[in-house]
Each structure stands twice: as C-alpha cells, then as structure tokens.
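In our numbering, the protein residues as written are 55 to 449.
Every residue gets a Cβ at the ideal spot worked out from N, C-alpha and C, and that includes glycine.
Quick caveat, the model's predicted, so the values are computed rather than measured.
Here the structure is laid out as structure tokens; the discussion comes afterwards.
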C-alpha cells in the first residue's frame, strides 16, 4: 500500500479541503494516508486517516520550530508522496531530498495567490509589503525546483507558475455532496445546541437569519456587515447575524465588540468561534441566507472559487455577496442571490431587505443554486482527476 503524507503548519487538522476532501477520499481509495497538522492531541484516526498532531506555534515567528518537527516526522514516515499545503514548507524540501534514503515525490498544493496574499498581511508594515512580496516570489521560484507536482485551486493560478517544470492540475474547492445530503429536507434536525444559537423572536415579521462562516478579518468585510446590520435595525427589521470563525487578532475582536455595543446591536449578532467542517451543515440548516461581503482587493478579484458560496447554494440558501467577479459569476449563472457594491453597507442592507420582502423568490433562488452545484460543481466530479494525478505521480 502506497503511503501518502499531507503536511501543514497553518491549517487546522480538520480543514475541509485538506482533511475531509483530499485525505479522507484518498484513504477511501486505498492509500495509507497520514496528515501532520496543528492539533490539541498527539494522534488520532479519523475517516481512516491517521492524524499526527503538531503543537501550534505560539506566534508566526516560532513557526520554524514547527518546520523542524515536520521534517523529522516526514523522514521517519518515509512516504511515497509528500503533499504540502503551506508555501513556507518549501523551505524543508531541500532537506527532505538530502536526508531521505527514499525517493519521495513532492506535491505543492497552492491554496491561494500566495504572492498577492503577502500584500494583504496586516503584520507586515505597509511600505514593506511590495518588497516582501518580490522576495517571497523569488524564494518560492528557487525552492520550487525541488517540487515534482503542483495542484491549483483555480485555473488563474497556473499562469504564475508556467516556468516551473512540474506536473500540474486544477483541483477546484467544490463541496462534497455527501456531507450535505438531506440538508434541506423538512425532517432534517440540526443539533439542538446549534439551533439554539439561531433563536430569534420566534421568526416574527421582518426577521431574517444571516450567516457568515470564515475568517473574521477586517479585510473580509466584517465591518460592512455590522454597519448594514445597524441600518436594518434602524429601519425596523429584526436581523440575526451569526459569525462563525476566528478573529485575526485581539485588536480587531475588540473593535467588533465595541461597535456592536456602541450601536446597540448586541441582540442581533452571535459570534460562535471556529465551526468544525462537519458542523457547517447544521449551521446552514438554521439560516435563511448566507452573507459574503468580501472587498474588491487584488487577492479577491482574481479568478477564484468561494467554497462557502457553493456550500450555501448546495444548502438551498440565497446568497448576499459583494459584486466581485469570483462571487458574481455563480450569482449570474444560477440567479441564486444578490451581488452588491462591496464598499457600501446601505447596498448590502437593501439586498437583505429584498430577501425579507420577497421570501418566495428568495426560496427559488436557493433551489436554483442547489441544482447548479449538484449538476456542475461537486467534489465527486473533481476527485476522479485528483486520483488520476496521484497515479501519474507514483509512476
């Protein structure tokens, strides 16, 4: 049996793409799969995947210690394929090649526009970001000479790596139909502790439950939602916004909580913390719509796919989102929601009001979105190509 090792020091051990789509499905296909990732446990078996826990570094500046730990574990495990998910782990590849007695195929899973993401890092001084991005780009290209295969989330990423002599494939972040099976059936009952979060005035007139699941970063448009929420309340609506995710830092968390208190919208916001991938289904089952307020930054306007948007569509929920190409393409294709100016809270509020005042059409939007995802954008269709890629890598 071929041994596959996936490594990350940034993503959670139960990340949707890494653990539940890639690793779990490879294990179902007959591979021995081991995932090395940050976790609060030493080792656990989940969906036939052996998860080896890493102690999460106290800060990003302590990550090199995690790299050393990963390198040691990889050399002990002697995989046939080493599949890594963080650009920073490129630094250990020369040492894997140097110290491993076995020829290991190295696969780089490029989750985002890495160089562009450097320009959005709040912890890098703004004037230094262009320089940092150029240096990172050069380092990535040099270390890429050790890579045998690359996986991209969307086609748009591929052109930035045209000079890399690697086997390449596109593996879209499409949702797994099995994980959302039966979600919109009337008999489906989410966990009570989750449904309790969503209790709102017994669904009185002008009430609506909105949900955002993802990183709670200022650059993701969180403040836009809160400002729109304030407008909705001032107009007599009774919205509830559920924010599921982790704040980028204490400063922004305090800013959000201060705004909520100052504007008396405490009763209209629930902050749940991180939501496990397997629980997303239950949260979506309790909502009326999904909100995606991403700003029109360079990183978010390039070719990309929002898994959260497709999961919302699969859950038969209408989507309120920013009018940026990656999000609007699915809105236009399925007529499954409303796309508005990403910078204007009033436009976001108007979109939510429209959903409140047109419940039947909102329901039809949700149905159209679900049909589109089931027909064209499922993980089931993607996995066949992924499996073929692995077969080629092992030749």
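Grab me the residues of residue 326's own chain with a C-beta within less than 6 Å of its C-beta, minus the 5 sequence neighbours each way, in chain order. Once the five neighbours on either side are set aside, the close Cβ partners of residue 326 are 298.
Compare the C-alpha of residue 224 against each of 441, 448, 427 and name the closest. For the residues 441, 448, 427, the minimum Cα distance to residue 224 belongs to 441.
Report the residue ranges of all beta strand (DSSP E) runs contained in full by the stretch 281-310; include only those spanning at least 3 residues, in chain order. Fully enclosed beta strand (DSSP E) runs of no fewer than 3 residues occupy 292-298 of the stretch 281-310, in order along the chain.
Return the Cβ separation of residue 455 and residue 381 in integer angstroms, given the expectation that the two are a contact with Cβ distance under 8 Å. This structure cannot settle anything about residue 455, because the visible part of the chain is limited to 55 through 449.
Candidates 160, 75, 363, of which the one nearest residue 141 by Cα: Looking at 160, 75, 363, the one whose alpha-carbon comes closest to that of residue 141 is 160.
Between which two residues does the beta strand (DSSP E) holding residue 391 run? Note, residue 391: beta strand (DSSP E), 391-394.
State the Cα-Cα distance for the pair residue 58 and residue 407, rounded to the nearest angstrom. Going by the C-alpha atoms only, they are around 49 Å apart.
What residue does the alpha helix (DSSP H) around residue 375 start on, and which one ends it? Per DSSP, residue 375 lies in no alpha helix (DSSP H); the unbroken beta strand (DSSP E) holding it starts and ends at 373-376.
Going by DSSP, name the residue or residues bridged to residue 163. Paired residues: 205.
Local conformation of residue 156 per DSSP, three classes: Residue 156 falls in the coil class under three-state DSSP.
Bridge partner(s) assigned by DSSP for residue 87: Its beta-bridge partners are 58, 103.
What's the C-alpha gap between residue 432 and residue 331? Each residue's Cα considered, the two are about 16 Å apart.
Drop a sphere of 10 angstroms on the beta-carbon of residue 290, count the other beta-carbons inside from all chains shown, and report buried for 16 or more, exposed for fewer. Using a 10 angstroms sphere on the CB of residue 290, the tally of other CB atoms stays under 16, which defines it as exposed.
Please report the Cβ distance between residue 108 and residue 91, rounded to the nearest whole angstrom; I am assuming they are in contact, meaning their Cβ atoms lie under 8 Å. Residue 108 to residue 91, Cβ: 6 Å. Contact.
Beta-carbon proximity list for residue 363, same chain, < 8 Å, skipping 5 on both sides: Excluding residues within five positions, the ones whose Cβ falls inside 8 Å are 344, 346, 373, 375, 381, 384.
Report the partner residues of residue 345 according to the DSSP bridge assignment. 374.
Contact between the stretch 271-290 and the stretch 395-409 (3+ Cβ pairs under 8 Å): Segments in contact, yes.
Return the CA-CA distance between residue 409 and residue 64, expressed in angstroms with no decimal places. The straight-line gap from Cα to Cα measures roughly 37 Å.
Taking residue 72 as the reference, give the member of 196, 207, 448 with the closest Cα. Distance check between residue 72 and each of 196, 207, 448 places 207 closest, using alpha-carbon atoms only.
If I'm right that residue 198 touches residue 356 with Cβ under 8 Å, what's the distance once you round it to whole angstroms? Their Cβ separation, rounded to whole angstroms, is 20 Å, which puts residue 198 and residue 356 out of contact at 8 Å.
How close, in whole Å, do the beta carbons of residue 294 and residue 333 come, if the pair is a contact with beta carbons under 8 Å? So it is not a contact: roughly 18 Å between Cβ atoms.
Of the residues 76, 229, 145, the one placed nearest residue 335, counting alpha carbons only: Checked all of 76, 229, 145; the closest Cα to residue 335 is 229.
Assigned exposure category for residue 132 - 16 Cβ within 10 Å defines buried: Residue environment analysis places residue 132 among the exposed positions, since fewer than 16 neighbouring C-beta atoms fall within 10 angstroms of its C-beta.
Who are the near neighbours of residue 98 in its chain, counting only those whose CB is closer than 7 Å to its CB and skipping five residues on each side? Taking C-beta separations shorter than 7 Å and ignoring five residues to either side along the sequence, the partners of residue 98 in its chain run 105, following chain order.
What's the call for residue 79, buried or exposed, on a 16-neighbour Cβ count within 10 Å? Residue 79 sits buried, since 16 or more C-beta atoms from the chains shown fall within 10 Å of its C-beta.
What residues in its chain sit with their C-beta under 7 Å from that of residue 434, if we drop five residues either side in the sequence? Counting only Cβ-Cβ distances below 7 Å, and skipping sequence neighbours, we find 231.
Between the stretch 301-310 and the stretch 413-423, are three or more C-beta pairs nearer than 8 Å? No, the stretch 301-310 does not touch the stretch 413-423.
Same chain, Cβ closer than 7 Å to residue 83, neighbours up to 5 away in sequence not counted: 441.
Cβ-based burial, residue 96 [other Cβ within 10 Å; buried from 16]: Only exposed fits residue 96, as fewer than 16 other CB atoms lie within 10 angstroms of its CB.
Return the bridge partner residues of residue 222 from the DSSP annotation. According to DSSP, which records beta bridges pairwise, residue 222 is partnered with 204.
DSSP beta-bridge partners for residue 265? The partner list for residue 265 (beta bridge, DSSP) reads 296, 344.
Check whether residue 444 and residue 85 have beta carbons under 9 Å apart: With respect to residue 85, residue 444 sits close: the two C-beta atoms are nearer than 9 Å.
By Cβ distance below 6 Å, which residues in the same chain neighbour residue 149 in space, the five residues on each side in sequence not counted? If you ignore the 5 residues before and after residue 149, its C-beta comes within less than 6 Å of the C-beta of 125, all in its own chain and listed in chain order.
Exposure label - residue 303; buried when at least 16 CB within 10 Å: Its Cβ having fewer than 16 others within 10 Å, residue 303 is exposed.
Span separating the alpha-carbon of residue 111 from that of residue 405: Going from the Cα of residue 111 to the Cα of residue 405 covers about 41 Å.
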